[in-house]
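Chemist: Quick one: the structure is below, and I'll ask about it shortly.
Protein chains: 2
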Amino acid sequence: MDVFWREGYQEASLPALLEGMGITRGSLYKAFSDKKTLFLTILEHYEKSAVEPAVALLSDPETPDGMQRIEMLLDKVIEQVKQGDRRGCLLCTAAAGAASDDADIAHAVAESLGKMQRGFAVALAASPVHATRPDAERHAFSDALITQYTGLRILARSRASIEILERSASAILQLLRTPPPIG
Amino acid sequence: MDVFWREGYQEASLPALLEGMGITRGSLYKAFSDKKTLFLTILEHYEKSAVEPAVALLSDPETPDGMQRIEMLLDKVIEQVKQGDRRGCLLCTAAAGAASDDADIAHAVAESLGKMQRGFAVALAASPVHATRPDAERHAFSDALITQYTGLRILARSRASIEILERSASAILQLLRTPPPIG
DNA sequence: TGAGTTATGGACCCTTCGGTACAAAACCAT
DNA sequence: ATGGTTTTGTACCGAAGGGTCCATAACTCA
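As they're listed, the protein sequences go chains A and B.
Sequence positions in the first sequence follow the numbering used here and run 1 to 183.
Sequence positions in the second sequence follow the numbering used here and run 1001 to 1183.
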């Protein structure tokens, strides 16, 4: 997973993957029919090991304020970058790359990003500021959040300064915390 | 440019580029020393033909309200997708891909994205809602906007539904139009 | 322990990659 | 026209890509 995460789908070469997995071609092609199938399997693994925890965080009732959950998630992302991890998000990178030329991969990626987006919606519903707002608005905000999240992850991959990422994240939080005008 | 735009830096093959340019290898390597140099030249061209008009739009005093300029820009992006153009943004795709492993390319990309970001800042400064706010806040919002823009462009490349993109764009506009609490 | 099965290594296949070399063609000034 | 220069097309290069094949090694169970 790490190799795909670091290098992206297309760029991850078989030799690199094999070294990362500590096996050889024979075993890989015995277990997975080809590179694409391997990647789809990895996407499932990523969903379990990265997406689901993130969604769990966004849905965690132990943090009553949904906005705070979102803040925690974004903080995690920023913290990762601070520690030198510039891999970004496997899904976001796949969405950007030629991976999304393939219908199966594009579908799997969209599915996982959809889960994240619904996670944001759940968190918003648990926010005092947004709980009482119309469903449509929360839906739109969760769309904006998944977009923001994707942008953040992509810019993390490029060499954007940590300050940009931090300001960007705190700005979106500030905006979402501002109570909407009555009406 | 279109070939790189559609396929990304790494994925764009020499034969594809040659066909797109209507020339053959001999001429290409006469004019540009290699693929990377060609791409850097293309990035300059993209900056002139795509980034600068966008920045001009964001700075256009004929539209007095800066927020409206931003809305126009996002509308353009959405409109492009509506017309079936899923190429996204050359810079954003390059930022996501292995292109940003190369320091020169990463630098050029960051430079151009920086121009966009400053464009957003200029537009915000021309908005009644934000003109009187602290510089630091506008700066942070412009960071959030370039992040949002990147996310939008990446999701446009993947097969995200047009509705997500539309809601995402209008949500961020709505948030930015909400006057901040006094203080 | 030994027959039967499965997993593994790695040589090998073809294609495509970016890049070079160079002869033929096109252009140019005289 | 003609000699010299520049531009163009294309054959070719080594490297690396993903994928196949098969002999050997490693397991399994009687």
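Built from N, CA and C at the ideal position, the CB exists for glycine as well.
1. Are the beta-carbon atoms of V1055 of chain B and A1156 of chain B separated by less than 8 Å?
2. Between A:I70, A:D85, A:R86, which has its C-alpha nearest V122 of chain A's C-alpha?
3. Run through DSSP, which three-state label would R133 of chain A get?
4. Output needed for Y149 of chain A: all residues of its chain with C-beta closer than 7 Å, excluding positions within five of it in sequence on either side, in chain order.
5. Please compile the residues from chain A whose C-beta is within a distance smaller than 7 Å of the C-beta of P1180 of chain B.
6. Taking any Cβ of chain A, which residues in the segment 1071-1105 of chain B have a Cβ under 7 Å from it, in chain order?
7. Select from A:E62, A:M67, A:D104 the residue whose C-alpha is nearest the C-alpha of H130 of chain A.
8. Does the separation of the CB atoms of F1120 of chain B and I1078 of chain B fall below 8 Å?
9. For M1 of chain A, which of helix, strand or coil comes out of DSSP?
10. Leaving aside the five residues before and after R1086 of chain B along the sequence, list all residues of the same chain whose C-beta is less than 7 Å from its C-beta, in chain order.
11. For a contact meaning CB atoms closer than 7 Å, what does I172 of chain A contact in chain B?
12. By the criterion of Cβ-Cβ separation under 7 Å, what are the contact partners of G1008 of chain B in chain A?
13. Apart from the five residues just before and just after D1034 of chain B, which ones in its own chain have a Cβ nearer than 8 Å to its Cβ?
14. Helix, strand or coil: how does DSSP classify D143 of chain A here?
15. Comparing C-alpha positions only, which one of A:T93, A:D135, A:A126 sits nearest to E62 of chain A?
16. Provide the residue span of the alpha helix (DSSP H) that contains K76 of chain A, from first to last.
17. Output the distance between the C-alpha atoms of G26 of chain A and I1023 of chain B, rounded to the nearest integer angstrom.
18. Once DSSP output is grouped into helix, strand and coil, what is the label at E11 of chain A?
19. Under 7 Å between beta-carbons, which chain A residues line up against V1109 of chain B? List them in chain order, please.
20. Contact check, K1036 of chain B vs D1101 of chain B under 8 Å by CB: the rounded distance?
21. Grouping DSSP H, G and I as helix and E and B as strand, with all else coil, what is R1159 of chain B?
22. Kindly examine the ligand SAH and report whether one of its heavy atoms sits closer than 7 Å to the Cβ of P53 of chain A.
23. Closer than 9 Å by beta-carbon distance: list the chain B residues that pair up with L57 of chain A, in chain order.
24. What's the C-alpha gap between A1016 of chain B and F1032 of chain B?
25. What in chain B is Cβ-close to L152 of chain A, meaning under 7 Å?
26. How would you list, in chain order, the residues of chain A whose beta-carbon sits under 8 Å from the beta-carbon of S1033 of chain B?
27. Considering only the alpha carbon of each residue, which of A:S13, A:A108, A:G151 lies closest to Y46 of chain A?
28. Indicate the three-state DSSP secondary structure (helix, strand or coil) for P180 of chain A in the structure shown.
Modeler: In terms of the structure at hand:
1. Residue mapping note: residue 1055 of chain B aligns to position 55 of the second sequence, counting from 1. Residue mapping note: residue 1156 of chain B aligns to position 156 of the second sequence, counting from 1. In this structure, A1156 of chain B does not lie closer than 8 Å to V1055 of chain B by Cβ.
2. The residue labelled residue 122 of chain A in the question sits at position 122 within the first sequence. Residue A:I70 is the option with its Cα nearest to V122 of chain A.
3. Translated into the one-based positions of the first sequence, residue 133 of chain A becomes position 133. Here R133 of chain A sits in coil by DSSP.
4. What you label residue 149 of chain A is simply residue 149 of the first sequence in a count that begins at 1. Once the five neighbours on either side are set aside, the close Cβ partners of Y149 of chain A are M116.
5. Position 180 of the second sequence, counted from the first residue, corresponds to residue 1180 of chain B. By Cβ distance, chain A contributes T178.
6. C1092, T1093, A1095, A1096, G1097, A1098, S1100
7. Residue numbering aside, residue 130 of chain A sits at position 130 when the first sequence is read from its first letter. Checked all of A:E62, A:M67, A:D104; the closest Cα to H130 of chain A is A:M67.
8. Taking the second sequence and counting its residues from 1, the one referred to as residue 1120 of chain B is at position 120. Taking the second sequence and counting its residues from 1, the one referred to as residue 1078 of chain B is at position 78. No, the Cβ-Cβ distance between F1120 of chain B and I1078 of chain B is not below 8 Å.
9. Position 1 of the first sequence, counting from 1, holds the residue named residue 1 of chain A. DSSP places M1 of chain A in coil when its eight states are reduced to three.
10. Along the second sequence, one-based indexing puts residue 1086 of chain B at 86. Hits under 7 Å: A1156, R1157.
11. Locating residue 172 of chain A in the first sequence gives position 172, counting from the first residue. What I172 of chain A touches in chain B: A1144.
12. Position 8 of the second sequence, counted from the first residue, corresponds to residue 1008 of chain B. What G1008 of chain B touches in chain A: G97, A98.
13. Counting from 1 along the second sequence, the entry for residue 1034 of chain B is found at position 34. Nothing listed; no residue qualifies.
14. Taking the first residue of the first sequence as 1, we reach residue 143 of chain A at position 143. Residue state, collapsed to three classes: helix.
15. Stepping through the first sequence from its first residue, residue 62 of chain A is reached at position 62. Per the Cα distances, A:A126.
16. As a first step, residue 76 of chain A is located in the first sequence; it is residue number 76 there, counting from the start. It spans 66-82 - the alpha helix (DSSP H) in which K76 of chain A sits, taken as one unbroken run.
17. Here residue 26 of chain A refers to the residue found at position 26 when the first sequence is read from its first residue. Here residue 1023 of chain B refers to the residue found at position 23 when the second sequence is read from its first residue. Answer to the nearest angstrom: the Cα atoms are 42 Å apart.
18. Along the first sequence, read from residue 1 onward, the residue named residue 11 of chain A stands at position 11. Looking at E11 of chain A - three-state DSSP - the assignment turns out to be coil, as it is neither helix nor strand.
19. Numbered from its first residue, the second sequence carries residue 1109 of chain B at position 109. Per Cβ cutoff of 7 Å: S158.
20. Here residue 1036 of chain B corresponds to residue number 36 of the second sequence, with the count starting at 1. Here residue 1101 of chain B corresponds to residue number 101 of the second sequence, with the count starting at 1. In fact, because the Cβ distance is near 11 Å, the residues do not count as touching under 8 Å.
21. Residue numbering aside, residue 1159 of chain B sits at position 159 when the second sequence is read from its first letter. R1159 of chain B: coil per DSSP, three-state reduction.
22. The ligand SAH is absent from the structure shown, which contains no ligand whatsoever.
23. Taking the first residue of the first sequence as 1, we reach residue 57 of chain A at position 57. Per Cβ cutoff of 9 Å: no residues; L57 of chain A is ~20 Å from chain B at best.
24. Taking the first residue of the second sequence as position 1, residue 1016 of chain B is located at position 16. Taking the first residue of the second sequence as position 1, residue 1032 of chain B is located at position 32. Near 16 Å, if we compare the C-alpha coordinates of F1032 of chain B and A1016 of chain B.
25. Here residue 152 of chain A corresponds to residue number 152 of the first sequence, with the count starting at 1. Neighbours of L152 of chain A on chain B, chain order: T1147.
26. Mapped onto the second sequence, residue 1033 of chain B falls at position 33. Result: empty, since nearest Cβ-Cβ is about 23 Å, beyond 8 Å.
27. For the purposes of this step, residue 46 of chain A is taken as residue 46 along the first sequence, with counting starting at 1. Nearest C-alpha to Y46 of chain A: A:A108.
28. For this step, residue 180 of chain A is matched to residue 180 along the first sequence. The answer is coil: DSSP assigns P180 of chain A none of H, G, I, E or B.
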